[in-house]
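Protein chains in written order, with the numbering used here: chain A, 1266 to 1397; chain B, 1266 to 1397; chain C, 1266 to 1397. Beta carbons: idealized from backbone N, C-alpha and C, even for Gly. Please read the structure below before turning to the comments.
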């Protein structure tokens, strides 16, 4: 945790650099200060087939979902979400300016009772920090 | 909102036109009358790798999830879901007739407290309607 | 139900056989004994674009989500989840040994009131068993 999953209409390719989008979200997530660095995972899934609003093929969307663990109160989550959304939205200003586009961001909390993980990134980051 | 995300086994390609499937779902969603037109986003994600039931590679699936905002009661959601599912299921009759296939549709409600959006499609649709 | 959806960073390709991963999860799900065979659907989605932890491109992740129906208590779900996670985690030991990698597994319960399905695999499996 946290997991940011982006789904986007394939017609954004060529107009948006999705690796850069992932990096924008990652940096914003780090800036919130509420997530352990080694747990941040952002990814984007290209949707080749889609149908939006009135079916006009020129419309496009980017929908992000954050799944995170329990233990952060609503105020903290809202503030962090706001920060990440603002960064993402600002980065996409050119898309809004040049086309009809729908951006969204929602958050889900995973039940800690049914959550399993194994992660050797945390340890590697600590080792790097110690030797850095 | 609403977001319809379809995941499907890659072996449906060639047998099912996924753009048409998205359009079938979009039209059915419009027909329910409970969603703002400019918020409807349907997409399909092809799953190259999968394992179903007893592992037989000829089996296939299509699983749809709807994520929508708060504010519609259960009766309204059930009726709308039923309508969309019937349209999708009827469209897939040939797949059921010709193969072993699992179709599913589930619904989740997004927490309005942690939901962000920016969408210039609504405004564009209104402008078109006014000039139409 | 149940639906296992795996999202993974594209840099795992070549190091991990994702069809085999799906099969490992499918077999472990069968072994739990709590799922009807004909309802098990495991799939993997390749994420071409991603950003993990400090942004190092050599990091990788595999995140699995299980969505299942209501009707199984927490103890049953925890035990089943533990079994599946152990099988998956053990299978990925070489990835942990050779790289910095984050594995996760979470579970969600779908609302039975807004759940629709149509599935001719159950019947086919019964017919095979009868003629087997």
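Just confirm the distance between the C-beta atoms of residue i and residue j, as a whole number of angstroms; I'd bet it's less than 8 Å.
i              : j              : result
residue 1297/C : residue 1349/C : 7 Å
residue 1306/A : residue 1322/C : The Cβ separation is near 13 Å, so there is no contact.
residue 1416/C : residue 1346/C : Because chain C spans 1266 through 1397 in this model, residue 1416/C falls outside it and cannot be assessed.
residue 1332/C : residue 1272/B : Residue 1332/C to residue 1272/B, Cβ: 10 Å. No contact.
residue 1384/A : residue 1304/A : 7 Å
residue 1320/A : residue 1288/B : 6 Å
residue 1382/C : residue 1325/B : About 14 Å; that fails the 8 Å criterion.
residue 1318/B : residue 1390/C : 7 Å
residue 1396/B : residue 1301/B : Contact doesn't hold; Cβ gap of about 19 Å is too wide.
I'd like to know if residue i contacts chain A, where contact means its C-beta is closer than 8 Å to some C-beta of that chain.
i              : result
residue 1287/B : yes
residue 1369/C : yes
residue 1353/B : no
residue 1283/C : no
residue 1306/B : yes
residue 1302/C : no
residue 1341/B : no
residue 1280/B : no
Let me check one thing: in DSSP terms, what residues is residue i bridge-paired to?
i              : result
residue 1330/C : 1270/C, 1371/C
residue 1384/C : 1367/B
residue 1311/C : 1273/C
residue 1325/B : 1366/B
residue 1306/B : 1317/A, 1268/B
residue 1281/A : 1278/A
Taking CB distances under 8 Å as the criterion, tell me whether residue i reaches chain C.
i              : result
residue 1344/B : no
residue 1376/A : yes
residue 1333/A : no
residue 1277/B : no
residue 1268/A : yes
residue 1382/A : yes
residue 1393/B : no
Does any residue of chain B have a CB that is nearer than 8 Å to the CB of residue i?
i              : result
residue 1298/C : no
residue 1336/C : no
residue 1360/C : no
residue 1390/C : yes
residue 1291/A : no
Do the stretch 1304-1320 of chain A and the stretch 1351-1365 of chain B meet, that is, are 3 or more Cβ pairs less than 8 Å apart?
no
Three-pair Cβ contact test at 8 Å for the stretch 1292-1307 of chain C versus the stretch 1373-1385 of chain B
no
Residues in the stretch 1311-1331 of chain A with C-beta within 8 Å of chain C's C-beta atoms, listed in sequence order?
1311
Could you tell me whether the stretch 1356-1366 of chain C touches the stretch 1276-1289 of chain C, using the rule of 3 or more Cβ pairs below 8 Å?
yes
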